[in-house]
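Trainee: Got a structure here, written out as structure tokens. Questions coming.
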Amino acid sequence: MDAKLDILVPTHNHLDQTMRCIESLYNYTRAPFHLIVTDDSTDGLTPRYFKQLQKEHDNITYVRSLKQYKCGNEFINVGLSHCKTPYMVLVVNSMMVEPDWETAGLHLMEADHEVGVVGFKCLKHEGWIESAGLMITEDLSSLRDIGTGQAGHRLSRVYECMAVQFAFVLLRKEAATGNLREDIFHGFRGMEDLDNCFVIRGKGWKILYCGLGIGFHQTYATREARDEESLRQNLENREVFAKRWGFWASYQKIFPFLGEMLPDVKPREMRLPPNFQTGELQVKEYATK
């Protein structure tokens, strides 16, 4: 049966969680799919696992990289180059999906060609919501996941929003291809998924959250990012994002100390499309039928 979507799983060691992720995909995905794996592991075990898995399944493209990927957009772009369908889901290897997770998202893509990105509901393993979309205020004083800490059954609907997490996201290949820059931010230190949504949304595509597709996510499980240098890089990424998208004047008023902490971060200018407004939170209901 021909695949209806591509599923990209990036791996970076931690074979145990990769195996749980892959098992959940084969157990709980209703639509026929093509699995793309981008692997920059150094454990020596992950390549053996996928070599064996390719003997058991005929729908796997395994891409081995001998150098580590520098950012998330790099392996997403590799995945897009191997797509066989118009749609690709990014499922990080620290995610485990729930039954029929992809059904509503695919319907949204097929029903409305203007939909470019569909983010799914990410739950913590305790059952609480991690993310049901992203919201941001004009001064970047509030940049957070919608629904964080709410019970897992909440926000089980579809709405349009500014951005979504890329840990568990459905992309229209046409919307994503050529729009995911690899030279803007410190890799794996935040803001990249938000920037991706701004770029894609700025080109006229809709960004939707779909609470009818669910996965459990173990945060920071693959690429640990909690040390002092990682925090500094995250702050630098925030500053670059603020300058790139016109938030900088307001951001400096809220965080005046950043100029002293990060004196060498230079603005990355980008021409915005006509009538594109930043800093607004758009949440409106979006029919699934």
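Numbering (full-length UniProt numbering), first residue to last: 1 to 289.
Quick reminder that beta carbons are idealized off the backbone N, C-alpha and C, glycines included.
What does the alpha-carbon distance come out to for the pair lysine 203 and threonine 137?
Mentor: 21 Å
Trainee: Can you give me the C-alpha to C-alpha distance between arginine 20 and methionine 95, rounded to a whole angstrom?
Mentor: 8 Å
Trainee: Return the CA-CA distance between tyrosine 251 and tyrosine 28, expressed in angstroms with no decimal places.
Mentor: 43 Å
Trainee: Could you give the distance in angstroms between the alpha-carbon of tryptophan 101 and the alpha-carbon of leucine 80?
Mentor: CA-to-CA, the gap between tryptophan 101 and leucine 80 works out to about 21 Å.
Trainee: Output needed for glutamate 114: all residues of its chain with C-beta closer than 6 Å, excluding positions within five of it in sequence on either side, in chain order.
Mentor: Lys206
Trainee: Whole angstroms is fine: what's the gap from isoleucine 146's alpha carbon to serine 131's?
Mentor: 6 Å
Trainee: Lysine 121 bridges to which residues according to DSSP?
Mentor: Beta-bridge partners of lysine 121 (DSSP): Ile214.
Trainee: What are the uninterrupted segments assigned as beta strand (DSSP E) that are 3 or more residues long and contained completely in the UniProt domain "Glycosyltransferase 2-like" (7-119), given in chain order?
Mentor: 33-39, 60-64, 87-91 and 95-97
Trainee: What are the boundary residues of the alpha helix (DSSP H) that includes leucine 235?
Mentor: 228-244
Trainee: Please go through the stretch 138-222 and give each complete beta strand (DSSP E) segment of 3 or more residues, from N-terminal end onward.
Mentor: 143-145, 158-160, 168-172 and 206-217
Trainee: Looking at the unbroken beta strand (DSSP E) that takes in methionine 1, where does it start and where does it end?
Mentor: Taken as a continuous stretch (DSSP letters only), methionine 1 belongs to no beta strand (DSSP E), as it is neither H nor E.
Trainee: Using a threshold of 8 Å, state whether the C-beta atoms of lysine 67 and aspartate 40 are closer than that.
Mentor: yes
Trainee: Mind reading off the beta-carbon distance from phenylalanine 198 to phenylalanine 168? Whole number of angstroms is fine, and I expect it under 8 Å.
Mentor: Actually they do not touch by this definition, with Cβ atoms about 19 Å apart.
Trainee: What's the call for threonine 11, buried or exposed, on a 16-neighbour Cβ count within 10 Å?
Mentor: buried
Trainee: Can you grab the Cα-Cα spacing for the pair leucine 5 / tyrosine 69, in whole Å?
Mentor: 24 Å
Trainee: In terms of alpha-carbon separation, which member of Asn59, Arg48, His14 and Lys51 lies closest to residue 310?
Mentor: For residue 310 there is no data in the structure shown, the boundaries of the chain being 1 and 289.
Trainee: Check whether the Cβ atoms of valine 118 and leucine 108 sit closer than 8 Å, and answer yes or no.
Mentor: Yes, Cβ-Cβ distance for valine 118 and leucine 108 is below 8 Å.
Trainee: Tell me, please, which residues DSSP counts as bridged to tryptophan 128.
Mentor: Ala151
Trainee: Using 10 angstroms around the beta-carbon of glycine 152, count the other beta-carbons present and answer buried if the total reaches 16, otherwise exposed.
Mentor: buried
Trainee: Do you know offhand how far glutamate 110's Cα is from glycine 187's?
Mentor: 32 Å
Trainee: Tell me which residues share the same chain as lysine 84 and place their Cβ nearer than 7 Å to its Cβ, disregarding the 5 neighbours each side in the sequence.
Mentor: Ala3, Asp6 and His34
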